[in-house]
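Participant: Right, I'll just put the structure down here and ask away after.
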Amino acid sequence: MSFWRHPTAVSGLAWGAILKSYTAGIGACVLLTKELDLGVLIFNDFGRDFIKENKFSPDGFVQLALQLAHFKLQTLSNAFRLHGYLVSTYESASLRRYRSGRVDNIRANTKEALEWVKAMTRDSARETKLTLLRKAAEKQAKVTQEVCVI
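The sequence shown lines up with residues 53 to 202 when you count with my numbering.
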């Protein structure tokens with residue numbers, strides 16, 4: 053016995069219900085779009101040259117930047133302060149050993165990342181921040197490599 057049924061014509065009554073649901077969905081989308089607040093920041097402090105000079109993985113650098121942004125959002129004021137922790141992330145990694153795409157995940161919330169984001173939110177020396185960023189980026193690259201080789 054097959055689970056698939058042959059296509060059948062939709063009755064006129066069903067079209068009315070479909071159209072009603074569709075219209076309601078469009079209305080909900082319009083309301084959500086009106087609530088959207090978008091800001092654009094042009095960032096010129098550094099760019100890809102900094103990432104290349106320091107031999108950071110672009111992917112790892114972005115993952116760490118996301119961790120810092122999340123952490124700083126939590127610590128902006130007492131009203132927003134939650135726990136001062138890193139955000140759980142899911143970055144999919146294709147496993148080379150398996151054909152046709154088995155995946156695992158790469159976690160960016162490491163102890164090294166936490167040490168770096170804490171230093172970035174304190175009055176730490178620039179060299180300390182850069183050293184901790186290097187350690188966090190190296191750990192991120194190592195985690196990525198370990199996941200991808202499995």
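Where a beta carbon is used, it is the ideal one built from N, C-alpha and C, also for glycine. Note that the coordinates shown come from a computational prediction; the quantities given were computed from them, not determined experimentally.
1. What is the DSSP secondary structure of Asp156, reduced to helix, strand or coil?
2. Give me the Cα-Cα distance between Ala160 and Asp101, rounded to the nearest whole angstrom.
3. Does the beta-carbon of Phe123 have 16 or more other beta-carbons within 10 angstroms, so that it is buried, or is it exposed?
4. Are Ala145 and Cys200 closer than 8 Å when you measure CB to CB?
5. The alpha helix (DSSP H) spanning Ser121 covers which residue range?
6. Any idea which residues DSSP pairs Ser144 with across the strands?
Facilitator: Put simply:
1. strand
2. 23 Å
3. buried
4. yes
5. In the sequence as displayed, the identity of residue 121 is Ala instead of Ser. Taken as a continuous stretch (DSSP letters only), the alpha helix (DSSP H) holding Ala121 covers 110-126.
6. Asn157
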